[in-house]
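Have a look at the structure below, then the notes.
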Amino acid sequence: MKRSRRLSCVVFALALTAAAQGLGEFKFERLAQGYRFTQGVAWSKPGGYLIFSDTPSDRLMKWTPGSEIIVFRTGANGPAGNAFDAQGNLYTCETRTRRVTRTDKNNKIDVVAESFEGKKLNAPSQIAVSRNGHVYFTDPAFGEQSDHRELDFYGVFHIPPKAPMTLVAKSATRPRGIAVSPNGRTLYVSNADDHTIRAWDLDGKGEAGNERVFASKIEGAPAGLSTDEKGNVWLAAKGIAVYSPEGKRIHFIDMHDVVSSLTFGDADFKTLFLAARAIVFRARPDTP
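Residues are numbered in this note's numbering as their position in the sequence shown, beginning at 1, plus a constant of 92.
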């Protein structure tokens with residue numbers, strides 16, 4: 093594995109609103125820059141490391157606390173979203189091969205999704221795995237990807253642990269970010285075109301129902317999603333917006349760089365990791 097250039101840390105503080113519910117200020121640290129376009133930040137709880145995509149360069153990058161950022165995989169087929177399951181298996185959306193892969197702890201790669209009803213997927217974008225192993229991903233198409241579509245819709249899909257892939261929703265607009273609530277009962281999907289976050293209830297089998305608009309009139313193009321232990325929904329768009337489980341925006345963090353994805357990590361899962369174009373940040377609150 094080759095080492096990636098790492099900058100000295102740049103730390104700055106961004107104050108949240110007065111109603112910050114004990115979060116105080118976040119101190120942002122620039123982990124690295126110089127990439128072409130980063131996204132798909134994902135934290136491995138069993139491994140204790142961060143994975144993110146450098147999409148145009150066909151690379152997956154890896155950062156372990158206390159170490160330099162290294163190349164985890166080259167020839168990664170335009171990787172976008174990443175997610176880990178509870179066993180430490182890595183799921184990756186590959187935009188160029190238009191498929192979803194799973195990498196086990198021995199680096200064995202298996203294809204888990206590449207077509208629906210005999211037609212190739214559009215270009216899987218973002219992915220989430222629930223605590224009980226249900227996989228959900230979005231399948232939009234951007235730029236040149238739109239020229240090669242076989243499906244006549246944009247989709248949200250569900251891969252159960254021991255059953256065939258199913259369709260959660262068809263859309264004429266492009267879903268992008270995706271996240272599951274900590275209790276595994278709600279699925280959230282952001283939409284880049286209609287500037288919304290939609291939500292579905294998840295039953296005991298991971299099946300989705302009761303689709304509804306969770307948040308609307310979002311500034312900027314909604315991208316990556318994550319949830320915290322309180323069930324709040326964190327959205328990467330024009331800055332970072334935080335919504336309560338009821339869909340009320342409770343915080344907003346203004347960013348100079350457009351954020352494509354975000355996730356929580358470190359041993360206590362209190363650190364927020366961000367991918368923002370050429371830069372990867374981490375942020376810690378100054379209060380627990």
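Yeah, the Cβ is synthetic: ideal placement off N, Cα and C, and Gly gets one too.
Computed from a predicted structure; not experimentally measured.
Beta carbon of residue i, beta carbon of residue j: below 9 angstroms?
{"i": "proline 216", "j": "arginine 190", "result": "yes"}
{"i": "isoleucine 289", "j": "tyrosine 335", "result": "yes"}
{"i": "lysine 297", "j": "proline 252", "result": "yes"}
{"i": "threonine 130", "j": "aspartate 150", "result": "no"}
{"i": "proline 377", "j": "glutamate 117", "result": "yes"}
{"i": "isoleucine 382", "j": "leucine 366", "result": "Since the displayed the chain opens at 93 and closes at 380, residue 382 lies outside it and no answer follows."}
{"i": "alanine 205", "j": "threonine 187", "result": "no"}
{"i": "serine 353", "j": "glycine 316", "result": "yes"}
{"i": "glycine 139", "j": "phenylalanine 176", "result": "yes"}
{"i": "aspartate 358", "j": "proline 157", "result": "yes"}
{"i": "proline 314", "j": "alanine 329", "result": "yes"}
{"i": "alanine 307", "j": "leucine 327", "result": "yes"}
{"i": "aspartate 349", "j": "isoleucine 371", "result": "yes"}
{"i": "asparagine 181", "j": "arginine 194", "result": "yes"}
{"i": "phenylalanine 249", "j": "methionine 257", "result": "yes"}
{"i": "leucine 259", "j": "glycine 247", "result": "yes"}
Three-state secondary structure (DSSP) at residue i?
{"i": "aspartate 239", "result": "helix"}
{"i": "serine 149", "result": "helix"}
{"i": "leucine 213", "result": "coil"}
{"i": "glutamine 131", "result": "strand"}
{"i": "valine 351", "result": "coil"}
{"i": "phenylalanine 229", "result": "strand"}
{"i": "glutamine 113", "result": "With a pLDDT of 41 at glutamine 113, under the threshold of 50, the modelled position of that residue is not reliable, and the figure given next carries that caveat. Looking at glutamine 113 - three-state DSSP - the assignment turns out to be coil, as it is neither helix nor strand."}
{"i": "alanine 368", "result": "strand"}
{"i": "alanine 359", "result": "coil"}
{"i": "arginine 277", "result": "coil"}
{"i": "alanine 375", "result": "strand"}
{"i": "lysine 154", "result": "strand"}
{"i": "proline 314", "result": "coil"}
{"i": "proline 267", "result": "strand"}
Out of the options, which one is the CA nearest neighbour of residue i?
{"i": "glycine 167", "options": "Ser159, Ala175, Met153", "result": "Met153"}
{"i": "serine 273", "options": "Ile310, Arg223, Leu243", "result": "Arg223"}
{"i": "lysine 262", "options": "Lys119, Arg277, Pro232, Leu279", "result": "Pro232"}
{"i": "arginine 128", "options": "Phe144, Gly140, Phe120", "result": "Phe144"}
{"i": "tyrosine 280", "options": "Ala205, Val133, Thr265, Phe229", "result": "Phe229"}
{"i": "asparagine 214", "options": "Ser238, Ala220, Arg194", "result": "Ser238"}
{"i": "arginine 304", "options": "Glu338, Gly276, Leu259, Asn275", "result": "Glu338"}
{"i": "phenylalanine 208", "options": "Phe361, Val192, Ala220, Asp196", "result": "Val192"}
{"i": "phenylalanine 361", "options": "Gln125, Gly170, Gln218, Lys137", "result": "Lys137"}
{"i": "lysine 254", "options": "Val351, Gly225, Ile162", "result": "Gly225"}
{"i": "phenylalanine 356", "options": "Lys340, His250, Lys322", "result": "Lys322"}
Opposite residue i in the DSSP bridges: which residues?
{"i": "threonine 255", "result": "It should be noted that the sequence gives alanine, not threonine, for residue 255. Alanine 255 pairs with nothing; no bridge assigned."}
{"i": "serine 207", "result": "Lys212"}
{"i": "phenylalanine 164", "result": "DSSP output for phenylalanine 164 lists no bridge partner at all."}
{"i": "valine 305", "result": "Arg290"}
{"i": "phenylalanine 344", "result": "Ala333"}
{"i": "glycine 247", "result": "Asp231, Lys262"}
{"i": "proline 171", "result": "Glu186"}
{"i": "arginine 191", "result": "Glu186"}
{"i": "serine 136", "result": "Tyr141"}
{"i": "asparagine 224", "result": "Per DSSP, none; premise fails for asparagine 224."}
{"i": "serine 159", "result": "Paired residues: none, contrary to the question."}
Within 8 angstroms: the Cβ of residue i and any heavy atom of the ligand SAH?
{"i": "phenylalanine 365", "result": "Inclusion of the ligand SAH in the displayed structure is not the case, the ligand content being empty and no account of it being possible."}
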